[in-house]
Amino acid sequence: MAQGKVARVNGPLVVAEGMKDAQMFEVVEVGEPRLVGEITRIEGDRAYIQVYEDTSGIRPGEPVVGSGAPLSVELGPGLLGQLFDGLLRPLGEIKEVTKSPFIKRGIKLPTLNREKKWHFVPKIKKGDKVEPGDILGTVQETGLVEHRILVPPYVHGKLKEIVTEGDYRVEDNVAIVDMNGDEVPVKMMQKWPVRVPRPFKEKLDPTQPLLTGVRILDTIFPMAKGGTAAIPGPFGSGKTVTLQSLSKWSEAKIVIYVGCGERGNEMTDELRSFPKLKDPWTGRPLLERTVLVANTSNMPVAAREASIYVGVTLAEYFRDQGYDVLTVADSTSRWAEALRDLGGRMEEMPAEEGFPSYLSSRIAEYYERAGRVRALGNPERFGSVTLASAVSPPGGDFTEPVTSTTLRFVRVFWPLDVSLAQARHYPAVNWLQGFSSYVDLVSDWWIKNVDPDWRIMRDFMVRTLLREDELKQIVRLVGPESLAEKDKLTLEVARLIKEAFLKQNAYDDIDAFSSPQKQARIMKLIYHYNQYATNAVERGIPVKKIADKITVVPDIIRSKATIKNDELQKYDELENKLKAQFDELLKEAGA
Amino acid sequence: MESSMNVREYSNISMIKGPLVMVQGVADSAYNELVEVEMPNGEKRRGIVVDSQKGISVVQVFEGTRGISPVGTTVRFLGRGLEVKISEEMLGRIFNPLGDPLDNGPMVIKGEKRDINGEPLNPAVRDYPEEFIQTGISAIDGLNSLLRGQKLPIFSGSGLPANILAAQIAKQATVRGEESNFAVVFGAIGVRYDEALFFRKFFEETGAINRVALIMSLANEPPVMKTLTPKTALTLAEYLAFEQDMHVLAILIDMTNYCEALREISASKEEVPGRGGYPGYMYTDLAQTYERAGKVVGKKGSITQMPILTMPNDDITHPIPDLTGYITEGQITLDRSLYNKGIYPPINVLMSLSRLAKDGIGEGKTRDDHKDVSNQLFAAYAKAVDTRGLAAIIGEDSLSDTDKKYLMFGDAFERKFVSQGVNENRDIETTLDIGWEVLSILPERELTNVKVDFIKKYHPAYRGKK
Ligand SMILES: Nc1ncnc2c1ncn2[C@@H]1O[C@H](COP(=O)(O)OP(=O)(O)OP(=O)(O)O)[C@@H](O)[C@H]1O
Ligand SMILES: [Mg+2]
């Protein structure tokens, strides 16, 4: 293992000399406090190290010791429900150790608790042939998640021994595999280098929607299990709230929330609310399916760079168990800035806006780790990793390198708009700029499971919004009063779509999560309103009159926050009222 | 800095540039080690090591390098980091960021030496802000509520009354139903002397001066002193909040000066500049300042942070307000056109935001209708501003009747709700009632953001009839 001495300290970059056996991306310990770092360049016997902790006080001559291994994380029971830092150190336990509200550097605590015992149930027998990914046994880690203990990649052979059902620690050997005569012990915990994607049998196209309970996302720009999405937007436009909604309400088995260079309080918010909130799909506390990774903006910048790889590695691990995993990262711009900062200190040639020239390949590699796969091992399992990330463009300018590059690699785009956000139209997703390449894919699901007219109604809403945009240009020239009645109606219907459907208050107990059925019911009301009103207009009734007489409209708008997901029959009343008021209107008008 | 070493002395200076001095022959200076530079005339300055290589140390001198000569100057490496003695004795006093008194008073005697760079708060120990601070200002309390432990900056423009507003907030801010142990820590960064004195006088007049500590660097001081100012101020704030159980309001003015100092230092280090010439790490640097706010589980005190910055050319997309907005928990934005209309405080509520408000308002905290009224006022005012734009093009006469109502609402909102006196302290009920009053200008069917029950309870049309 490499062993050298510090030659230079420049912020998070340390150069060490005498590092003859150093390997690229090897983890090293730097200086007397044994700060964790990673080798990112080697020149002769000089190693360039990005250090994950504050380097104050480190001086030339202090020792640098290699570990012989790349940056890796511990995977096994004990991840769920925890808050970790960017290197997967348990922040809750750090608090106990430091007895201080502040994070001290040089603290070495393992990710997984070594003492805790887990109830392991073996699933295969001594003598069975095993290959990578086979389920050795299971641990009911939380009420919601059965943790499947897998044969690590690269281990195969005959099962020489497996323990009986009982309580074990993560480092206890639960099995021994005879691998060509070698006895390989297998524990409940395994390690994996974060920068290397975990292997699988084959990558498949997504087939299922990833429902989120957020109407504009599910209905207008739908996500698929195994898909990729970016949420760019200026500060305060709702990126974090949207990601938080996804992490709360998505129909995913596991959620990994990576706070990458953002606010401390936002992580605290998740941590305090998740035990109380219930997963709408299972009714269990959300924390049971969640892992929180926090490298906040004030923590060392190099660990920020690593944190998103840590997050996606966790996701792959649960995917390999056969689960649908959602990883949200807030914000990949901060990760890119960490790359820029470290690249700059290594005196690399900067490309656009100072970002290193490999920015786009790194972004591509990251999103490449998403997808639906057939996992290694038996029994056959399918799992997926869905990646949704915030992007924080300087000045809200979407042409900057991180946003424009990200756009090339994601299949769903939820751009947030400053003027919508300022008008408090949330979620501030710009419906003219957004896109999803999964609309056709998810249509089948909606049509089969929710409403046969789903696609017709959805496309009608999209069309109306596009038409509204054109009409608004005309209004700016001639004023609203000179529009034809049918165009005035389009504006009125668009208003209804925005107020009753698109706007959704993430902080309202009822509105925050909209079941697919509820989404379809609201959409249907709007669709019917348009049908009735078009009929009325065709019979010469002015739109103004419709607006005056159809007094159920405010109730339709309020229904998102007054009608709960389990009392959708109340929509029948609204439907009836709407129909009755139009009938009345036609009768009065003698039409 | 944990590992302390002996003092080492060198006099081989190979280069002086901006605030930087390059010293040759130093084998073992520590990164961020404190350094004393002694000039031939006996004058001493301080600095820290910003790049430590075998044989070469780059030292950044706090007080600047003016007058330093490569010849005859001694550089002493002190074997420890930059620490400032912090104490509650600093309340009622004025200091520079190195802890030296600026008010002719004595040095701090009893105190705790602290590294002013601070350490990151562990997110696992943070306590989420939930207590509503009543500032008495409707545009803040009603629509962009401030909570205890929040970091909420004021985005100002040159000449706009940010200081007066900050002073009014500092004077009026209360958590209702509670006598609190409060303190104000004032970080005045590269300010003009009269600005600093404005606040001092203000607190003298309000009788609170003994609860206020002023950490100050003046406009004509070297850039490093400016960048140290908020760090020392927040170190004191942390001490008072988490060791002395005080509720601290930390006001930092003007963060634009801070960022410009940062840019100047970065340029002298020949770092690759980012947007607007500001260094690429400015986000992280600012975050290390702004994140020093909040509450901690098990501690009684709190830090509420109110940085003030000047948007160059009133441009909110300029890197300084932009990066700040990306870090803080909202912002109060001042607007020149409101100011020109004679509206005080000229708060543009649409461009303002309080991200934490949701947890501190509503039933049991302020009033049951608060969230709905706030949502409705935002929606209606946004529509009013939009309609104003339309009216300017096509003329008011071509607007629909409803749109005309929105125009009336917009004016009333600005003149009755936003506008108030410099000494006017409105309680939250008054603020919400004014909100209802201006909302009642609109047809009731437009009020879809409020629940029907609240309309029945608070709308002036029903209230009178009860
Ligand atoms: N769906 C929503 N419902 C209600 N309020 C919302 C919603 N989305 C956003 N908001 C409001 O907007 C504020 C800002 O949102 P958020 O913190 O998500 O912004 P952001 O884009 O992450 O900003 P930054 O880049 O600075 O982190 C929230 O605090 C909240 O008040
Ligand atoms: Mg955010």
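Chains as they are written, first to last, in the numbering used here: chain A, 1042 to 1632; chain B, 11 to 476. For every residue, glycine included, the Cβ atom is placed at its ideal position computed from N, Cα and C.
Bridge partners - residue i, DSSP secondary structure assignment
i	result
A:M1220	A:D1223
A:Q1463	DSSP, once it has assigned bridges, lists no residue as partnering A:Q1463.
B:R136	B:V306
A:Y1089	A:V1056 and A:R1082
B:F192	B:H257
A:F1476	A:F1454
B:G57	B:V45 and B:V71
A:V1077	A:E1070
A:H1188	A:V1180
A:W1159	A:Y1209
B:M478	What is shown of chain B runs 11 to 476, which leaves residue 478 of chain B out entirely.
Local Cβ density within 10 Å of residue i, reported as buried at 16 or more and exposed below that
i	result
A:G1302	buried
B:P356	buried
A:T1205	exposed
B:M11	A caution first: B:M11 carries a pLDDT of 49, below 50, which makes its placement in the model too unreliable to give a value.
B:E73	buried
B:P133	buried
B:N230	exposed
A:E1067	buried
A:A1621	exposed
A:I1597	buried
B:A40	buried
A:P1341	buried
B:T397	buried
B:P470	exposed
B:D204	exposed
Residue i beta carbon near ligand 1 (any heavy atom closer than 6 Å)
i	result
A:A1356	no
B:Y336	yes
B:A277	no
A:A1547	yes
A:R1422	no
A:G1277	yes
A:Y1467	yes
A:R1413	no
A:P1437	The amino acid occupying residue 1437 of chain A in the given sequence is Gly; Pro does not appear at that position. Because no heavy atom of ligand 1 lies under 6 Å away, the Cβ of A:G1437 does not count as near it: no.
A:G1274	yes
A:R1239	no
B:R285	no
A:R1599	no
B:R480	Coverage of chain B is limited to positions 11 through 476, which leaves residue 480 of chain B absent and any answer about it impossible.
Same chain only: Cβ atoms within 8 Å of residue i, ignoring 5 sequence neighbours per side
i	result
A:R1386	N1051, G1052, P1053 and L1054
B:Y391	V359, L360, F419, G420 and F423
B:V432	I174, Q178 and Y354
A:E1608	none
Closer than 6 Å: residue i CB and nearest ligand 2 heavy atom
i	result
A:T1281	yes
Residues near residue i by beta carbon distance below 7 Å, same chain, minus five either side
i	result
B:A401	L409 and L417
B:I438	Q144, D151, T376 and R377
A:P1240	P1194 and L1417
A:Y1209	K1158, W1159, F1161, V1215 and M1229
A:L1328	G1122, F1315 and P1316
Cβ-heavy atom distance, residue i to ligand 4, below 6 Å
i	result
A:S1433	The model on display carries ligand 1 and ligand 2 but not ligand 4.
Contacts of residue i in chain C (Cβ-Cβ under 8 Å)
i	result
A:D1310	Among the protein chains in the structure shown, which are A and B, there is no chain C.
Close beta carbons around residue i, own chain, < 6 Å, minus the five adjacent residues each side
i	result
A:L1312	L1124
B:D125	G91 and E93
A:E1182	P1118, L1121 and H1188
A:A1547	V1282, S1286 and A1553
B:K181	T216
A:M1498	M1564 and Y1568
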